[in-house]
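Peer 1: Take this structure, written in structure tokens, and hold onto it; I'll ask about it next.
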Amino acid sequence: MELKLATRVEGARTIVEVGGEIDVYTAPRLREKLIELVGAGRTQIVVDMERVEFLDSTGLGVLVGARTRVNAQGGSLRLVCTQDRILKIFRITGLENLFPIYASVTEAVAAD
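Per the UniProt record's numbering, the sequence shown starts with residue 1, numbered consecutively.
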């Protein structure tokens, strides 16, 4: 399965729309995109995972690494996800306490 990435800016936040599978084969593309954004000074990031069909530990590692980079720059990384199968991964790993997870991009952008 492919990984689809699209970015757009809403106010001070950069939205990264992710679709497909985030696994050992595709996670490097997501990592590169997030590193590129932080390098360009875009440190208020919302990762929209509504179209993600699969997420493995490699993908989780990319998100944790991105959060670390963003936080080091005084920014924030927020996730958008309502899919039970993906949310379950965050619950099982305890990462639901590490990431703010929102039901919509609108909520994630508006939250302070």
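Glycine included, C-beta positions come from ideal geometry on N, C-alpha and C.
Taking only the alpha-carbon atoms, compute the straight-line gap between Glu17 and Leu5 and give it to the nearest angstrom.
Peer 2: Cα to Cα, Glu17 sits roughly 6 angstroms from Leu5.
Peer 1: What are the start and end residues of the alpha helix (DSSP H) that includes Val38?
Peer 2: Unbroken alpha helix (DSSP H) run through Val38: 27-39.
Peer 1: In whole angstroms, what is the alpha-carbon distance linking Ala27 and Glu2?
Peer 2: Their Cα atoms are separated by approximately 11 angstroms.
Peer 1: Applying the criterion that 16 or more other CB atoms from any shown protein chain within 10 Å of the CB defines a buried residue, is residue 113 buried or exposed?
Peer 2: Since the first residue shown for the chain is 1 and the last is 112, residue 113 is missing from the structure and cannot be characterised.
Peer 1: Please list, in chain order, all residues of the same chain as Gly39 whose beta carbon is under 8 angstroms from its beta carbon, the five residues on each side excluded.
Peer 2: Around Gly39: no qualifying Cβ.
Peer 1: Pick helix, strand or coil for Asp84, following the three-state DSSP scheme.
Peer 2: Looking at Asp84 - three-state DSSP - the assignment turns out to be helix.
Peer 1: Applying the criterion that 16 or more other CB atoms from any shown protein chain within 10 Å of the CB defines a buried residue, is Gln44 buried or exposed?
Peer 2: Buried.
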